[in-house]
Amino acid sequence: METQEQFFKESGEKIQEYVQDRLLLLKLKTVEKISKLVAVMFAVLVVAVLVFFIFLFLSIMAGYYFAELTHSMFLGFGIVSAIYIIILVTLIALRKSVLERMITNTVINILFDDKDQEDDNDSINTTNASHE
226 METQEQFFKE SGEKIQEYVQ DRLLLLKLKT VEKISKLVAV MFAVLVVAVL VFFIFLFLSI
286 MAGYYFAELT HSMFLGFGIV SAIYIIILVT LIALRKSVLE RMITNTVINI LFDDKDQEDD
346 NDSINTTNAS HE
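Here our numbering is used: the first residue of the sequence shown is 226, the next is one more, and so on.
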């Protein structure tokens, strides 16, 4: 009778340890996913700032170029502004079909990386092999 009580006590402790280990693993995986997402977002932000400055200076160059062609500063920079308005209208029109889908897919790919499924399958296969 005492061995049964000892068995159930040890089993309960093992189950408790297992649940705590799984929770810790879940927390660690969550932190890893969030840190990957933040790193990607930061990299995109840095690239976006650099691209912004490149476009800014190219726009100024284009404005002066068109001003020289048209002999009017107003028309030169107006042409550059019109180009940006056309790009803006195009982006607004394609927002849902292209931009939102691309951003959503990127976040999903970061959060649900296939590497994690392989790690989980390896740990399950190792656990099953040790029980057999």
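We put the beta carbon where it would ideally sit given N, CA and C, even for glycine.
Using a 10 Å radius around the Cβ and a threshold of 16 neighbouring Cβ atoms, would you call Val-244 buried or exposed? Under a 10 Å Cβ-count criterion, Val-244 is classified as exposed, with fewer than 16 other Cβ atoms of the shown protein chains found around its own Cβ.
Using CA coordinates, which residue listed in Gly-303, Leu-300, Ile-259 is at the minimum distance from Ile-333? Checked all of Gly-303, Leu-300, Ile-259; the closest Cα to Ile-333 is Ile-259.
Would you say Leu-262 and Leu-336 are within 8 Å of each other, going by their C-beta atoms? In this structure, Leu-336 lies closer than 8 Å to Leu-262 by Cβ.
Ignoring anything shorter than 3 residues or poking outside the region 248–322, list the beta strand (DSSP E) runs there in chain order. You should have found no qualifying run.
Which of helix, strand or coil does DSSP assign to Asp-338? Coil at Asp-338, not helix or strand.
In whole angstroms, give me the CA-to-CA distance for Ala-318 and Ile-311. Distance between the alpha carbons of Ala-318 and Ile-311: 11 Å.
Whole-Å CB distance - Leu-300 paired with Ala-307, under 8 Å assumed: With a Cβ gap of about 10 Å, Leu-300 and Ala-307 do not count as contacting.
Using a Cβ-Cβ cutoff of less than 6 Å, which residues in the same chain neighbour Phe-277 once the five nearest sequence positions on both sides are dropped? Hits under 6 Å: none found.
Exposure label - Val-305; buried when at least 16 CB within 10 Å: Buried, because 16 or more other Cβ atoms sit within 10 Å of the Cβ of Val-305.
Can you list, in chain order, the residues of its chain with a C-beta nearer than 8 Å to that of Ser-322? Leave out the 5 residues immediately preceding and following it. Same-chain partners within the cutoff: there are none.
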